Structures are given as structure tokens and as C-alpha cells.
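Asks: Protein chains in written order, with the working numbering: chain X, 1 to 100; chain E, 101 to 578; chain W, 579 to 693.
Shown below is the structure under consideration.
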Amino acid sequence: MIPISYFLILSAVLFALGMVAFFVKKDLITMFMAIEIMLNAANLAFITLAKSASSLNGQVIVFFVITVAAAEASVGLAIILLIFKQKKSVKTEDISLMKG
Amino acid sequence: MNSFWALSPLLLVVLAALVVLLLEVFLKKETKDYLAYLSSLFLAGCGIILMIFWDKNYSYFDGNFLLDNLALVFSLLLTLATILVILISIKYISLQGANYGEYYALLLFALSGMLIMVSSQSLLIIFLGLEILSISSYSLAGLRRENPESSEAAIKYFLLGSFATAFLVYGLALMYGSTHSLEISSIIRFLTTGTHLNLMLLVGLGLIIIGFAFKIALVPFHMWTPDVYQGSPTPVTAFFSVGPKVVGFAVLLRIFHFYWETAFHTQTLMTALWVISVLTMVVGNLIALRQTNVKRILAYSSIAHAGYLLIALIAQDPTSLIFYLAVYLFMNIGAFTAVTSLGRKGKEYVELNDYSGIGFKYPWIGATFAVFLFSLAGFPPTGGFLAKFFVFASAVRKGFTPLVIIAVIASLISVFYYLRIIVTMYMKEPSPSMQILTRNPVLFSVLFLCLYGVLQLGIYPGNVLGFIRQAVAAMPLL
Amino acid sequence: MIELFLVFLVFGLLGVVLVFMNKLLGPKKPNPIKESPFECGSPYLQEGINPVPIMYYMVAFLFLLFDIEVVFFFPWALVFKEMGSTALVIMFAYIFVLVVGFVYAWKKGAFKWEL
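And the structure:
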């Protein structure tokens, strides 16, 4: 039996990794993947805590988070595609029309 | 009272959105005006239903969806804001190359998300409502598909918005872990039955607050605001500056309302909110000083206003918070309506230089815009003055005098940049090349409606305050 | 145990050192032909990754959405017996909204491969 805390630490580490990647990476798609890692870290935490509370609620919540993430992914990828059509690039340094 | 009718305003809005979507693809008409009038008609119906439900306390889904008076006040504000935004977009979207019927459907979906958020009693459902709002907002920001600024606004809003969502979800997970529930009532029960203020709960609450702080643009989570406000279509900017802010504060009110007694005595969270409020006011107003784009100035001004609103939250005064939000709705939508009106086909005037001499060339637009700016700056006899006065007065009563002093200094700084726009409008020669479309009766009626709202709330606020007091009195457990 | 650990440590470090020695000490004389993907003499004809037709993305996004939304059928099926007819009404309302979205995408021409 693996202790609950291991899973929580894993999810915290995943979340932190996603956060770091979001700030370090200069590519829209990779930044989006970082966000997905953070969301899945939260999902892991939900499932772990639901298991420790021996309730089903937490696992149902994960369903909701997954669907929300999918809806977000299709809108977000469509926007990234729009950017690519306009600029032929998905690098953050090319997206700097507005400043100040 | 448990009744299916509790869902009717929400269902009406969703139905309107679906009808608009289907009409758009089946009729394929060139002009989309009829969709705008149809959606405002649906929303007017929704508003009437909300008013009929006053004092009825309908609820559904075992009390998880509750239309108490507080939810009704927020729902009415949001519905009104959406109607105004729809009306000012009618000419705009065809002039600025975003003539899609989906525009209205997306606005209605965003509204339905917000209605879910203000009337739900479960943090999970609040999260789902927030996502409905956010996903519609990302698409709305990028609606001018040919315009690179609009797409940039969309991608920035999308990336930072979903980043905030991840924080929110993780916060919800930790909250669920420590209280074993996401229903606000069970969390209250958990907090009041014992001294279980553990680290997990505190971190979870902090992450949830960070998630919402992104949405209502509190410093240091405000980076997306100016760019998104500048790039989005102007009526959509008006929507962004009011909708998410009202709904964010509504949810924070619900969260803090149960947390005030337990957590604020421990001071951790209180200090954090104090610092965020000061940062928001000071940074928002200082950066606004060196902007030259009117939409960006208004963006930073809306950041600063979030700081003032946070003072009301810290001072535990829901009445003045809601009153401030009502005034803010009228003056901000009014200001953005004035900006929207300055445009013609394929051209928008948003730089400060374009505004020189507007006051004489287009006297009505200039005069009403000046009143909205005075109200945003907080001059009497406008609503902005009274709203700030109520918030600051209750903060002083609760012993937050240093915070109020900083807030007053910050709003003095803000007077500079509001007056700069007015000075440009009235003290400079008009540029002859500037031409706008003046035949836009719907937009002008919205302009005057907002003017009426700002002055009514500033001179005779009694009625509205009475309603707000009733709504706050109905809040459980205060 | 400790010997095993030492073996891994020493040889692991040695590997890392050798990799970086190569990078540090090796001679570097780049020229355009060496930089090209194939060094077999013939110039390459096209980029390695070609853009796929835009309709491919449309179909992929729509598939992603409709595929994931169906996930709610699983928990619904679990509680169907206890909830009875209410569950049926709720699921029909849900499917109705999905169908409206489907009809919208269809009429909008999202499923036509040729533009």
C-alpha cells in the first residue's frame, strides 16, 4: 500500500513543473501543454483525496475537469491555429503587437 | 422553496443562445440586427422573471442552485450589462468586420455561465460556470478574425486564463481534501464545528483566490488585462470589464462570507488581501498615467477599481460592494460606449490624439464621456463619488484608516489621467480627418441610459440601496 | 550495497564527463552542407514536416469535443436505476444541446472536406 502523501507530493511536483514550464517555454503549444499538465496534477490530487475520504464525489469531479479541459483545448488550439495562419509562427516573441 | 422554476431564467438564456445559433446557420441573412433584438428580447424576459422571483427564494437540485435575493441582484446586474453590450454591438460588428451571428450566441452563453456562478452553492458548479464564461470569452476576444491584435488578445487571454483555471482546480482539490466536500454549506459546517484550520485548507483557499484574482484582474495577476482590453472588439471590452468583475466579486463574497469569522481572526488572509488591494490601486493608477491608448487607460482604470472594490470586501460591507458594482456597471459601459461610438467602417479611434476636439465636434458624445470619466474619477454629484464614499466610510468604521488613506491618494492620482482625456477633448483643435458614423440611434440611447444610471445613483440612490440592503439582509449566517 | 552504488556513481559520472568532453574538445567546422538534414550529396526536395490541410484540424477539434462530452454517459449509466425517469429527462436535455451543436457545425460546413 503506497501512502496517500506520495501521490499528493507527485501531484504537487507535477503542478510545479507545469508552472515552471509555462514561464520558461517560448512556444504557444508547449505553454498550453504545461497548462494541461497542471490540470492533470489537480486531477491526480482529486482522485487521491477522494480515495482517502472514501467518497465517489472526487472521482466524478475529475470527469468534469477532463471535459472542461477538452473544451478549452479545442477553443485554444483553434486560436493558436488562427495565430499561425496570420503570422506563420507560434513563438511568443512574434506576438508583441501591443505593449505599454 | 424547492421548485423547478428556479432554473427558468438560466434555461431561457441558454435557449436564446441555441435559437440564435440555429437561426444564424439556417436563415443565413446578411444583416444580423434581428439576432441582436431577438437576444435582447429574451434577456428582457429573463430580467422580468428575475424581478418576479424577488423574495421567493426558489431553489433546485437539493438547494445547490439557490435564487436568493443576493443571487437575484447579481443576476439582474449581469443581465442588464449583457443587454447594453448587445445593443451597442449592433452597428459595431458590421462596421469592424466581425459580422457573425455567433457573436450574440457567445455573449448569451457567457451570461449563462455567470448566472450559474452567482446562484450556485457548490464550488464545483461555480467552477463549471466560470469555464462556460471563460471559454466564450476567449472566442469573443478573437472575434475580429482578420485583425492580428484581436487574435493576440485572444491567445493572451486564453493562455493566462487557463493558467488561472489550473490554479483554481488545484485549490478546489485541496479544499475538497480537507473538508471532504465542495458545497459551501458543508464547508461552513466544517469550519464552524471545530478548529481545523489546517495548512491544506489555507493553501487551497489561497489558490482559489488566485484563480479568481486573475479573472477580476488584481495586481499581480493583471498582466493580461491591458492587452486583452486593447485587442478585443470594443463592446466585448465593455463586457469583459463588467461581467467577470461582477461575477468574481459575487463569488468572493460568497466564499468570504462564510470565512470572515473563522479566518479573518487569524489575520493571514486578511494581510494578504490588504497588500493585494494596495498594490492593485497603486500599480493600476500609476501605469495608467503613461498610456496613450484610451482603451488601455480604461483597462488600467478598471484594475484600479478592482482595488477599491476589494476594500469593500476587506471591510466586510456587502452593501457598498454591490452598490459600487452597480455604479461601476453604468459608468464603465458608458465610457466604452462612447469609445465604441467613435468609429466608421473599418476604422476605430482609440488613440488619445484622435480625441482632440471631440467635445466640440460631437458635443453629445463628448459631454456624456466627460461625465463618465468624472464618475470614474469620483467627483460629485455622480455615482462614482457616492460609491467610493460608502466604501471608504465603512472601511474607516471598521478601523482600516491606513488603507483608506492609500486609496484616497490613489484616486487622486487617477484624476490626472481621467482629466487628461477630458482636456484633450475640450482644449485641443479637432483634427479635420476624423469622421465617424453618427446615425446610430440604439447606441446613443444606451449612452443616455448609462448617463441616467450614473446620475440617478449619484443623486438619489435611495431606491437601489433599499433593494441591495434587502438582498444583503437575506444572506444566511451573517 | 555500497560497492554497487559506487559502481553506478563512477561509471555514470564517467559517461557524463565523456559526453561533455566530446562537445568541449572536438573540432567544430560547420558548413551549410553539414548543417543540412541529409549528408548524402543530393539536395533535399522539401521540408521534413508539411502542413496538413486545415480541414484536418477542424475535424480533429470537433472529434475531440464530441468524443469527450460523451464521458458523462458513464456516471449517468451508473445511477440510472436509482434516478428513474428524471435521469432520462436530464440526459435527453443534454443530448439535445449536443445535437444543436452538431447541427450547427454541420450547417456551417465543418464536415465538408473541400472548401
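Idealized CB from N, CA, C, for every residue including glycine.
Note that the coordinates shown come from a computational prediction; the quantities given were computed from them, not determined experimentally.
List, in order along the chain, the chain C residues whose C-beta lies closer than 9 Å to that of E/Leu211?
Replies: Reference to chain C is not applicable here, since the protein chains of this structure are X, E and W.
Asks: Between the alpha carbons of E/Leu138 and E/Leu121, how many angstroms are there, rounded?
Replies: Each residue's alpha carbon lies about 12 Å from the other.
Asks: Could you give the DSSP three-state label for X/Lys87: helix, strand or coil?
Replies: Three-state result, X/Lys87: helix.
Asks: Kindly indicate which residue of E/Ala426, E/Thr468, E/Arg444, E/Arg390 has the alpha-carbon position closest to the one of E/Arg520.
Replies: Among E/Ala426, E/Thr468, E/Arg444, E/Arg390, the Cα nearest to that of E/Arg520 is on E/Arg390.
Asks: Just to confirm before moving on: does the CB-CB distance between E/Leu537 and E/Lys132 stay below 8 Å?
Replies: Not in contact: E/Leu537 and E/Lys132 (Cβ atoms no closer than 8 Å).
Asks: Mind checking which residues open and close the alpha helix (DSSP H) that includes W/Phe680?
Replies: 663-685 is the span of the alpha helix (DSSP H), which, as asked, contains W/Phe680.
Asks: Could I get the ranges of all uninterrupted alpha helix (DSSP H) runs contained in the segment 129-204 of chain E, with 4 residues as the minimum, in chain order?
Replies: If we require 4 residues or more, the alpha helix (DSSP H) runs fully inside the segment 129-204 of chain E come out as 133-152, 169-195.
Asks: Which residue's Cα is closest to the Cα of E/Gly343: E/Leu170, E/Val450, E/Leu207?
Replies: The option with the nearest alpha carbon to E/Gly343 is E/Leu207.
Asks: Just to confirm my understanding: we take E/Leu578, look at its own chain, exclude 5 residues before and 5 after, and list those with CB closer than 7 Å. What are they?
Replies: Confidence is the limiting factor: at E/Leu578 the pLDDT is only 43, short of 50, which leaves the residue's position unreliable, though a coordinate-based value still follows. Here the set comprises His357.
Asks: Measuring straight from C-alpha to C-alpha, what distance separates E/Gly242 and E/Val439?
Replies: The alpha-carbon atoms of E/Gly242 and E/Val439 are separated by roughly 19 Å.
Asks: Pull up the CB-CB distance for E/Val346 and E/Thr437, whole angstroms please, since I reckon it's below 8 Å.
Replies: About 17 Å separates the two Cβ atoms, so there is no contact after all.
Asks: When you compare each of E/Asp454, E/Ser402, E/Leu167, E/Pro248 to E/Tyr158 by their alpha carbons, which one comes out closest?
Replies: Nearest C-alpha to E/Tyr158: E/Leu167.
Asks: Flag E/Leu272 as yes if its beta-carbon sits less than 8 Å from any beta-carbon of chain W, otherwise no.
Replies: E/Leu272 does not count as touching chain W.
Asks: Comparing the C-beta of E/Gly277 with each C-beta of chain X, is any distance below 8 Å?
Replies: With 8 Å as the cut-off, E/Gly277 counts as an interface residue toward chain X.
Asks: For E/Leu410 and E/Ala435, which I take to be in contact (beta-carbon distance under 8 Å), what is that distance rounded to the nearest angstrom?
Replies: In fact, because the Cβ distance is near 21 Å, the residues do not count as touching under 8 Å.
Asks: Identify each residue in the segment 126-145 of chain E for which the Cβ-Cβ distance to at least one residue of chain W is less than 7 Å, and report them in chain order.
Replies: Correct list: Phe126.
Asks: Does the beta-carbon distance from E/Ser212 to E/Ile149 come in below 8 Å?
Replies: The answer is no: Cβ separation not under 8 Å.
Asks: Just mark X/Phe23 as buried or exposed, buried being the case when its beta carbon has 16 or more other beta carbons within 10 Å.
Replies: Exposed, since its Cβ has fewer than 16 Cβ neighbours within 10 Å.
Asks: Roughly how many whole angstroms lie between the Cα atoms of E/Pro333 and E/Ser250?
Replies: Going from the Cα of E/Pro333 to the Cα of E/Ser250 covers about 7 Å.
Asks: So if I threshold CB-CB distances at 7 Å, which residues from the segment 637-655 of chain W count as touching chain X?
Replies: Residues passing the 7 Å Cβ filter: Phe639, Leu642, Leu643, Ile646, Glu647, Val649, Phe650, Pro653.
Asks: Under the rule that 16 or more other beta-carbon atoms within 10 Å means buried, what is X/Asn43, buried or exposed?
Replies: Answer is buried; the Cβ neighbour count reaches 16.
Asks: Does the Cβ-Cβ distance between E/Thr293 and E/Ile287 come in under 8 Å?
Replies: No, the pair does not count as a contact, with Cβ atoms beyond the cut-off.
Asks: Who are the neighbours of W/Tyr635 on chain X, taking C-beta pairs under 7 Å?
Replies: Leu81, listed in chain order.
Asks: Is it true that the CB of E/Leu476 sits closer than 8 Å to the CB of E/Ser377?
Replies: No, the Cβ-Cβ distance between E/Ser377 and E/Leu476 is not below 8 Å.
Asks: Where does X/Lys99 sit, in a helix, a strand or coil, going by DSSP?
Replies: DSSP places X/Lys99 in coil when its eight states are reduced to three.
Asks: Compare the C-beta of E/Leu121 against all C-beta atoms of chain W and say whether one is closer than 8 Å.
Replies: So yes, E/Leu121 belongs to the interface.
Asks: Output needed in chain order: residues of the segment 53-77 of chain X with a Cβ under 7 Å from some Cβ in chain W.
Replies: Answer in chain order: Val60, Phe63, Ile66, Thr67, Ala70, Ala71, Ala73, Ser74, Leu77.
Asks: Assign E/Lys256 to buried or exposed, taking buried as 16 or more other Cβ atoms, counted over all protein chains shown, within 10 Å of its Cβ.
Replies: So E/Lys256 ends up on the buried side.
Asks: Suppose contacts are defined by Cβ-Cβ distances below 8 Å. Is E/Tyr449 in contact with E/Met525 by that definition?
Replies: No; because the gap between Cβ atoms is not below 8 Å, this pair is not in contact.
Asks: Residues of chain W with CB closer than 8 Å to the CB of E/Leu118, please, in chain order.
Replies: Neighbours of E/Leu118 on chain W, chain order: Val675, Val678.
Asks: Please check if any C-beta of chain E sits within less than 8 Å of the C-beta of X/Phe7.
Replies: No, its Cβ sits nowhere closer than 8 Å to a Cβ of chain E.
Asks: Which runs of the alpha helix (DSSP H) fall wholly inside the segment 461-530 of chain E and span at least 4 residues, in chain order?
Replies: With a minimum length of 4 residues, the continuous alpha helix (DSSP H) runs that stay inside the segment 461-530 of chain E are 463-477, 483-497, 501-527.
Asks: In the DSSP assignment, find the alpha helix (DSSP H) that holds E/Tyr455 and state where it starts and stops.
Replies: Looking at the DSSP string, E/Tyr455 is not in any alpha helix (DSSP H), and its letter there is neither H nor E.
Asks: Quick test of your reading: E/Val542 and E/Leu187, contact by CB under 8 Å. State the CB separation rounded to the nearest angstrom.
Replies: Sure, about 5 Å apart at Cβ, within 8 Å.
Asks: Who are the near neighbours of X/Ile79 in its chain, counting only those whose CB is closer than 6 Å to its CB and skipping five residues on each side?
Replies: The answer is none, since no qualifying residue turns up.
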